[in-house]
Each structure stands twice: as structure tokens, then as C-alpha cells.
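Novice: Residue numbers (this note's numbering), protein chains in the order written: chain A, 1 to 115; chain B, 116 to 226.
Even glycine gets a Cβ: it sits at the ideal position worked out from N, Cα and C.
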């Protein structure tokens with residue numbers, strides 16, 4: 001079974017530029033998550049989708065971050081404009097149905113460096 | 116606050132020894148706990164989980180212990196191998212809330 005796919009794997013931009021990340025979840029998984037992992041810390045949830053609807057975006061900095069999952073399959077996360085503190089690994093995860101003990105499977109992440 | 120943390124940032128063991136990685140949580144309402152392993156350059160990988168109605172759960176070479184009285188969670192790895200070298204995170208969920216990760220313990224296995 002193919003895992004969660006993410007691209008690009010690495011991205012370097014200057015502050016105030018924009019950037020987009022792409023995620024393709026495991027086939028058949030209804031729930032998709034975007035996490036931000038700052039170096040040395042655990043992942044922090046940014047947004048959770050159930051099919052193409054948003055379940056939880058309470059920790060998403062909406063003034064600069066946006067995400068969509070228009071057809072309920074793959075998803076994009078955008079940052080515009082980027083700040084230095086956005087340097088982190090952005091992880092996408094998916095799970096079968098988002099129920100309480102549903103296992104989340106993570107992709108390899110995109111490492112973003114903002115200069 | 117409602118956070119999950121780890122006692123030690125690093126742990127170094129000899130190959131073949133048993134490893135114990137600890138985690139403290141502060142939210143007494145947390146009722147579901149998961150251990151993840153994250154190797155360099157990869158995303159977290161599910162290892163084992165436990166619900167609050169249990170105090171022990173075993174998997175292949177791994178055991179998770181939960182002590183709700185002191186709000187403490189541990190991951191035991193038997194016969195630790197070089198491939199076990201990674202950062203280990205505990206994570207917790209409370210009904211109606213998101214998965215919250217701690218800050219991780221770096222496990223290094225020496226040959």
C-alpha cells in the first residue's frame with residue numbers, strides 16, 4: 001500500500017515570499033491533517049479535513065496560512081507571506097475515518113527554510 | 116497547562132539492552148495515548164497505543180505502561196537494536212480534542 005505522498009521535500013524561500021505544499025493521502029482515507037513541526041518539537045496540528053470539509057483549523061494562522069482539499073483527496077497548504085518563524089517541517093497525515101482511535105499515517109514532510 | 120512532555124531529551128543504550136522512555140502528561144481528562152517513532156528525515160510512525168481503561172499493553176518488542184495516578188506513560192523496548200535509534204514522541208487525546216504531541220526523546224543505540 002502506498003503511503004502519504006508530499007512534495008516538494010525541501011523548499012528555501014525568502015521572507016515575505018509565498019510557498020505551497022502538496023499532499024496526497026493514502027487511497028481511501030477520508031481524513032487529512034496538516035501539522036507543523038518546529039525543530040526539536042513535536043508536531044502541532046494546523047488543520048484537519050474530513051473529506052473536503054474542515055473539522056479543526058483553530059491552530060491555523062489564518063492571516064497567512066490557507067489550506068484546501070477541494071475534491072476530498074489531495075490537499076495543498078499555502079503560506080503567504082512567509083515569516084522567519086515559519087521555518088519548520090510541514091507534515092501531512094491521513095487516517096481512514098477520523099474516529100477517536102483512528103491511526104494517523106504520516107508522510108515524509110516538507111522542510112521549509114525561510115531566510 | 117494541557118500539554119504532554121517527556122522527562123529526558125536524550126537516552127543512550129547499548130545494543131541488546133532494554134530501553135525505557137518516559138512521558139508525563141498534565142491533562143487528567145486525557146484518555147487515549149499513542150507512541151510514535153520518528154527517524155531522521157521521515158514522518159512519525161505509529162508504534163503502539165493505549166486507552167485509559169488499561170494500564171499495560173504489549174506489542175512486538177514494545178510495551179506501554181500507563182499510570183493514571185501520577186499521569187505517567189512509558190515505552191519499553193526490549194532487546195534494543197540499532198534500527199530503534201530515533202526520536203520517540205508520546206501523544207495524547209482528550210474526547211473532542213486534537214492529538215497533542217510531546218517534545219520527544221532521542222534514543223541512540225550504541226553497537
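Just grab the DSSP bridge partners of residue 194 of chain B for me.
Specialist: Walking along the second chain from the start, residue 194 of chain B turns up at place 79. BP columns for residue 194 of chain B are empty, so no partner.
Novice: Could you give the C-beta distance for residue 202 of chain B and residue 190 of chain B, rounded to a whole number, given that I count them as a contact under 8 Å?
Specialist: Within the second chain, the letter at position 87 stands for residue 202 of chain B. Within the second chain, the letter at position 75 stands for residue 190 of chain B. Contact flag wrong, Cβ pair sits at about 12 Å.
Novice: So who's on the other strand from residue 53 of chain A, going by DSSP bridges?
Specialist: The residue you call residue 53 of chain A lines up with position 53 of the first chain. In DSSP, residue 53 of chain A forms a bridge with A:50.
Novice: Can you name the residues that DSSP bridges to residue 87 of chain A?
Specialist: Counting from 1 along the first chain, the entry for residue 87 of chain A is found at position 87. BP columns for residue 87 of chain A are empty, so no partner.
Novice: Going by other Cβ atoms of all chains shown within 10 Å of its Cβ, with 16 needed for buried, is residue 166 of chain B buried or exposed?
Specialist: Stepping through the second chain from its first residue, residue 166 of chain B is reached at position 51. The residue is exposed, with fewer than 16 neighbouring Cβ atoms inside 10 Å.
Novice: Assuming residue 143 of chain B and residue 186 of chain B make a contact with CB atoms under 8 Å, what is their CB distance in whole Å?
Specialist: Counting from one through the second chain, the residue named residue 143 of chain B turns up at place 28. Counting from one through the second chain, the residue named residue 186 of chain B turns up at place 71. At roughly 7 Å, the Cβ-Cβ gap stays under 8 Å, so residue 143 of chain B and residue 186 of chain B are in contact.
Novice: Please confirm whether residue 113 of chain A has its beta-carbon closer than 7 Å to some beta-carbon of chain B.
Specialist: By 1-based counting over the first chain, the position of residue 113 of chain A is 113. No, residue 113 of chain A does not count as interfacial toward chain B.
Novice: Would you identify the three-state DSSP class for residue 199 of chain B, choosing helix, strand or coil?
Specialist: Position 84 of the second chain, counted from the first residue, corresponds to residue 199 of chain B. In the structure shown, residue 199 of chain B sits in a helix (DSSP, three-state: H, G or I).
Novice: Could you tell me which of B:161, B:148 and B:162 sits nearest to residue 181 of chain B, measuring between CA atoms?
Specialist: The residue given as residue 181 of chain B occupies position 66 in the second chain. When each option's Cα is compared against that of residue 181 of chain B, the closest is B:148.
Novice: On a CA-only basis, which of A:10, A:46, A:16 and A:39 is nearest residue 77 of chain A? Give me that one, please.
Specialist: Here residue 77 of chain A refers to the residue found at position 77 when the first chain is read from its first residue. That would be A:46, whose Cα lies nearest to the Cα of residue 77 of chain A.
Novice: Check residue 82 of chain A in the structure and name its three-state DSSP category.
Specialist: For the purposes of this step, residue 82 of chain A is taken as the residue at position 82 of the first chain. Looking at residue 82 of chain A - three-state DSSP - the assignment turns out to be coil, as it is neither helix nor strand.
Novice: Leaving out five residues on either side along the sequence, give the residues of the same chain with a beta carbon under 6 Å from the beta carbon of residue 188 of chain B.
Specialist: Position 73 of the second chain, counted from the first residue, corresponds to residue 188 of chain B. Contacts found: 138, 148, 181 and 205.
Novice: I think residue 16 of chain A touches residue 82 of chain A, with their Cβ atoms under 8 Å apart; what is that distance to the nearest whole Å?
Specialist: Sequence index remark: in the first chain, residue 16 of chain A carries index 16 (1-based). Sequence index remark: in the first chain, residue 82 of chain A carries index 82 (1-based). Going by Cβ atoms, the distance from residue 16 of chain A to residue 82 of chain A rounds to 7 Å, so yes, they are a contact pair.
Novice: Return yes when the Cβ of residue 98 of chain A is within less than 7 Å of the Cβ of residue 158 of chain B, no when it is not.
Specialist: The residue given as residue 158 of chain B occupies position 43 in the second chain. The residue given as residue 98 of chain A occupies position 98 in the first chain. No.
Novice: Is the Cβ-Cβ distance between residue 23 of chain A and residue 6 of chain A less than 7 Å?
Specialist: Stepping through the first chain from its first residue, residue 23 of chain A is reached at position 23. Stepping through the first chain from its first residue, residue 6 of chain A is reached at position 6. Their beta carbons are under 7 Å apart, which means residue 23 of chain A touches residue 6 of chain A by this criterion.
Novice: Within 10 Å of its beta-carbon, does residue 4 of chain A have 16 or more other beta-carbons around it, so buried, or fewer, so exposed?
Specialist: Locating residue 4 of chain A in the first chain gives position 4, where the first residue counts as 1. Counting Cβ neighbours within 10 Å, residue 4 of chain A comes out buried, since at least 16 surround it.
Novice: Would a check of beta-carbon distances place residue 125 of chain B closer than 7 Å to chain A?
Specialist: To locate residue 125 of chain B, count along the second chain from 1; it is residue 10. Residue 125 of chain B does not count as touching chain A.
Novice: According to DSSP, what are the bridge partners of residue 166 of chain B?
Specialist: Locating residue 166 of chain B in the second chain gives position 51, where the first residue counts as 1. Partner(s): B:147.
Novice: Tell me, please, whether the CB atom of residue 41 of chain A is closer than 7 Å to any CB atom in chain B?
Specialist: Translated into positions along the first chain, residue 41 of chain A becomes position 41. Chain B, which has a Cβ nearer than 7 Å to the Cβ of residue 41 of chain A, makes this yes.
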